[in-house]
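Enquirer: Supplied in structure tokens, the structure appears directly below.
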Amino acid sequence: AFFWLVSLLLASLIWFVSVHLSDREDAKLQYGLLVFGAAVSVLLQEAFRFAYFKLLKKADEGLATISEDGRSPISLRQMAYVSGLSFGIISGVFSVINVLADSIGPGIVGIHGDSPYYFITSAFLTMALVLLHTFWGVIFFDACEKRRYWCLGLVVASHLLTSGLTFLNPWYEASLVPIFIITLCTGLWAFVTAGGSFRNVLKCLSCKQEDDSRVMMYSALQVPSED
Amino acid sequence: MITFMNNSDSEEEPCNERTSLMSAESPPVPSYQDGLQTAEAGEAQAHRKRRTGSSRSPNNIADGDVSDLGVPVRESALENEEEELTLKYGAKHVIMLFVPVTLCMIVVVATIKSVRFYTEKNGQLIYTPFSEDTPSVGQRLLNSVLNTIIMISVIVVMTVFLVLLYKYRCYKFIHGWLILSSLMLLFLFTYIYLGEVLKTYNVAMDYPTLFLVIWNFGAVGMICIHWKGPLQLQQAYLIMISALMALVFIKYLPEWSAWVILGAISIYDLMAVLCPKGPLRMLVETAQERNEPIFPALIYSSAMMWTVGMAKPDTAARGASQQTWDAAEDGGENPLHADSQMSETRSPGTTRPITSFEELEEEERGVKLGLGDFIFYSVLVGKAAATASGDWNTTLACFVAILIGLCLTLLLLAVFKKALPALPISITFGLVFYFSTDNLVRPFMDTLASHQLYI
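Here the protein sequences line up with chains P and L, keeping their order. The first sequence lines up with residues 1 to 227 when you count with the UniProt record's numbering. The second sequence lines up with residues 1 to 455 when you count with the UniProt record's numbering.
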């Protein structure tokens, strides 16, 4: 979350500077600068995600060296999930909390001609964004780990695409539906990347008990060292 | 004789806390705090300086007392285990401190956002006599800097006073002071707080009920904090009094003065804990020489002290679920702190010193954070909530910044293993994030939200 915040800070700084250096009255220009600011923000977010990956990699190595069995207590996949989730949470919260706070107060949605569905679409968009960040986190870390840079590029591109689609608001059919499709596809991709498969899902759902015997076998193999 | 600048119906409470994170050395000092007292106040008011300490005592004890075994392999194994334990328990400690700090901040922010009383300007403390209602920016800045200087010098004087009291063993005085100040916090401030909350929600409460509630709350609080009580309850009370204190600060410190004071306090904390002649450092060293725990009840501890099985013959084994905080009077003779017990059990050369060390380590590792830390973190977040033009993003950003600062400080604690100030890093991050979020991020996010754009 901290890393995401720092990236947002830098992006805001860039946008702020650009706005102040430009003509305030020109609405088109301001809108263009906003688009530019959003794009810069997306790129910075991904850059900071990469930086966080590097940091976690170092920490992972450190933890592995000092632990008893040479493996770190938390796997890189778990770290990827947590990192994606935290990016998603802070991003979602920053997007929606002011809207939520305003939704308590007295007011009428869309009285000036805007869409009356502002709140509900904001809620759905935020949910999609949180999920997307989680999935992107998993895919991103895996791609960095396996050095599949085309995956990285695809993640960044899909982030840019998602952000760009929100520019089509309030034409919600064009923005919400594609974003949800993207969310679904990215989710499936992340699931496959994390090692999931149809068989795993079936095994999980059927709640088989075969694990117990495996555990006992393992402990039976473990001969306590007497020296 | 208490004078206020304007009318106000609540007490001024100049709390100057300094905090630091401390990792106990041998002989270990788990925690201490310095009390600060305002001479102007008719009654004693507690000002606490706190430190956090991790109650484990690393390599010193390991190397020192195992020397009789004379096995270098053993020692290096101990060190390895020590390091591993450091890192294994480091993450747990971070979480154990995140929860109370978060809770305190939540209480403060919730109160600020709902109860109007704490955001109304109703006078200033006597320690910040210069008003900020001046027309020019320069004058306002000057006034806030002067306010800060006065506040910090009051803090310094109080700290030095407390260190002197401690050096000359005036324990009764210090105890009386602390008891009076926590009395005031638990009764008077709670009464005011409850009154304001009831007013906000338009709930009627008669005086007998009020008396009963406040009396019970206060009495149990005094017992829990100064004597014995369940750990969770003690932690809850400490969080509540920190929140109350922070709310008082938020109400009575003027805008710019509050920010400058926050900055100055973290610098002071840094110097007081790390400089050789700093008052806090001298306090710690004196306590270490005397091998006694410093004043209980003003440090938040995240773990219990287990005295079962390791106690000296003349200290009874207490129930594991009890928090044992010894008053300094008893502390001199038999400090019930685990580390000193560890050194005692180690020296006779017990058969399995490593196990006992580990057992003790596993059960007692806790980190202690001074209440002043809680208070100033909450002041920062509360001020952000109060003055950031209704924006929640700023509050959240400060919250994340403070927690990350705390995380880093704990990391440094694990590395350096000595008393560390807990304020500087967190407050710096918090201030940076507050000003940058309020001025840079807020317009950006507002513009994006108005077009319903997501990034």
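Yeah, the Cβ is synthetic: ideal placement off N, Cα and C, and Gly gets one too. Predicted model, so just to flag it, every value in this text is computed and none were measured.
On the DSSP bridge list, what partners appear for I111(P)?
Expert: Answer is none; I111(P) lacks a bridge partner.
Enquirer: So L413(L) packs on L420(L), CB below 8 Å; how close in whole Å?
Expert: 5 Å
Enquirer: Under the three-state reduction of DSSP, which class applies to P106(P): helix, strand or coil?
Expert: coil
Enquirer: Do S426(L) and T437(L) have their beta-carbon atoms positioned less than 8 Å apart in this structure?
Expert: no
Enquirer: Assuming S301(L) is part of the beta strand (DSSP E), what are its boundary residues?
Expert: Counting along the chain, the beta strand (DSSP E) containing S301(L) begins and ends at 299-301.
Enquirer: Between P443(L) and chain P, is any beta-carbon pair separated by less than 8 Å?
Expert: Cβ-Cβ to chain P under 8 Å: yes for P443(L).
Enquirer: Looking at T148(L): is its Cβ nearer than 8 Å to the Cβ of S242(L)?
Expert: no
Enquirer: Who are the near neighbours of S114(L) in its chain, counting only those whose CB is closer than 7 Å to its CB and skipping five residues on each side?
Expert: T200
Enquirer: For the candidate residues L185(L), F187(L), T159(L), L186(L), whose alpha-carbon lies nearest to that of I174(L)?
Expert: T159(L)
Enquirer: What is the DSSP secondary structure of E25(L), reduced to helix, strand or coil?
Expert: Because the pLDDT of E25(L) is 37, which lies under 50, any placement of that residue in the model is unreliable, and the number read from its coordinates should be weighed accordingly. In the structure shown, E25(L) sits in coil (DSSP, three-state: anything other than H, G, I, E or B).
Enquirer: If contact is defined by three or more beta carbon pairs under 8 Å, each pair taking one atom from either stretch, is the stretch 436-453 of chain L in contact with the stretch 9-27 of chain P?
Expert: yes
Enquirer: Taking the C-alpha atoms as reference points, what is the distance between E46(P) and V137(L)?
Expert: 40 Å
Enquirer: Between R140(L) and the rest of its own chain, which residues show a CB-CB distance below 7 Å, the 5 nearest in sequence each way excluded?
Expert: Counting only Cβ-Cβ distances below 7 Å, and skipping sequence neighbours, we find E132, T134, W256.
Enquirer: Do the stretch 268-276 of chain L and the stretch 391-404 of chain L touch if we need at least three Cβ pairs shorter than 8 Å?
Expert: no
Enquirer: N393(L) versus chain P: which residues are under 8 Å apart at the beta carbon?
Expert: F94, I97, N98
Enquirer: Given that A384(L) touches chain P, what residues does it touch there, using C-beta distances under 9 Å?
Expert: By Cβ distance, chain P contributes nothing, its closest Cβ being about 14 Å from A384(L), past 9 Å.
Enquirer: Can you give me the C-alpha to C-alpha distance between I265(L) and L194(L), rounded to a whole angstrom?
Expert: 30 Å
Enquirer: Can you tell me which of I139(P), N169(P), E173(P) puts its alpha carbon nearest to the alpha carbon of A157(P)?
Expert: I139(P)
Enquirer: Using a Cβ-Cβ cutoff of less than 7 Å, which residues in the same chain neighbour residue 458(L) once the five nearest sequence positions on both sides are dropped?
Expert: This structure cannot speak to residue 458(L), because chain L is shown only from 1 to 455.
Enquirer: If the criterion is Cβ atoms closer than 8 Å, does the pair N393(L) and I97(P) meet it?
Expert: yes
Enquirer: Step through the CB atoms of chain P and report whether any lies within less than 8 Å of the CB of S114(L).
Expert: no
Enquirer: Spell out a yes or no on whether the stretch 167-182 of chain L and the stretch 217-234 of chain L are touching, meaning 3 or more CB-CB pairs, one atom from each, closer than 8 Å.
Expert: yes
Enquirer: Show which residues of chain P have a CB atom less than 7 Å away from the CB atom of A397(L).
Expert: L5
Enquirer: Less than 8 Å between the beta carbons of V109(L) and V415(L), yes or no?
Expert: no
Enquirer: Residue range of the alpha helix (DSSP H) that F117(L) falls in?
Expert: In this chain, F117(L) is not harboured by any alpha helix (DSSP H), its DSSP state being neither H nor E.
Enquirer: Run the CB neighbour count on K54(P), radius 10 Å, all protein chains shown included, and call it buried at 16 or more, exposed below.
Expert: exposed
Enquirer: Would you say G107(P) reaches chain L, if we count a Cβ-Cβ gap shorter than 8 Å as a contact?
Expert: no
Enquirer: List the residues of chain P whose Cβ lies closer than 7 Å to the Cβ of T447(L), in chain order.
Expert: L34, listed in chain order.
Enquirer: For S86(P), which residues of its own chain have a beta-carbon under 6 Å away from its beta-carbon, when the five flanking residues on both sides are left out?
Expert: A1
Enquirer: With a cut-off of 8 Å, does the C-beta of I404(L) fall near any C-beta of chain P?
Expert: With a threshold of 8 Å between beta carbons, I404(L) makes contact with chain P.
Enquirer: Just to confirm my understanding: we take E120(L), look at its own chain, exclude 5 residues before and 5 after, and list those with CB closer than 8 Å. What are they?
Expert: K251
Enquirer: Counting pairs of beta carbons, one from the stretch 278-286 of chain L and one from the stretch 163-170 of chain L, are three or more of them closer than 8 Å?
Expert: Yes: at least three Cβ pairs fall under 8 Å.
Enquirer: Hey, which unbroken runs of the alpha helix (DSSP H) at 4 residues or more fall wholly within the stretch 169-208 of chain L?
Expert: 171-183, 190-201
Enquirer: Does DSSP classify A123(P) as helix, strand or coil?
Expert: helix
Enquirer: Below 8 Å between beta carbons: does that hold for M222(L) and L183(L)?
Expert: yes
Enquirer: Just how far apart, CA to CA, sit D69(P) and P279(L)?
Expert: In a straight line, the C-alpha of D69(P) is about 45 Å away from that of P279(L).
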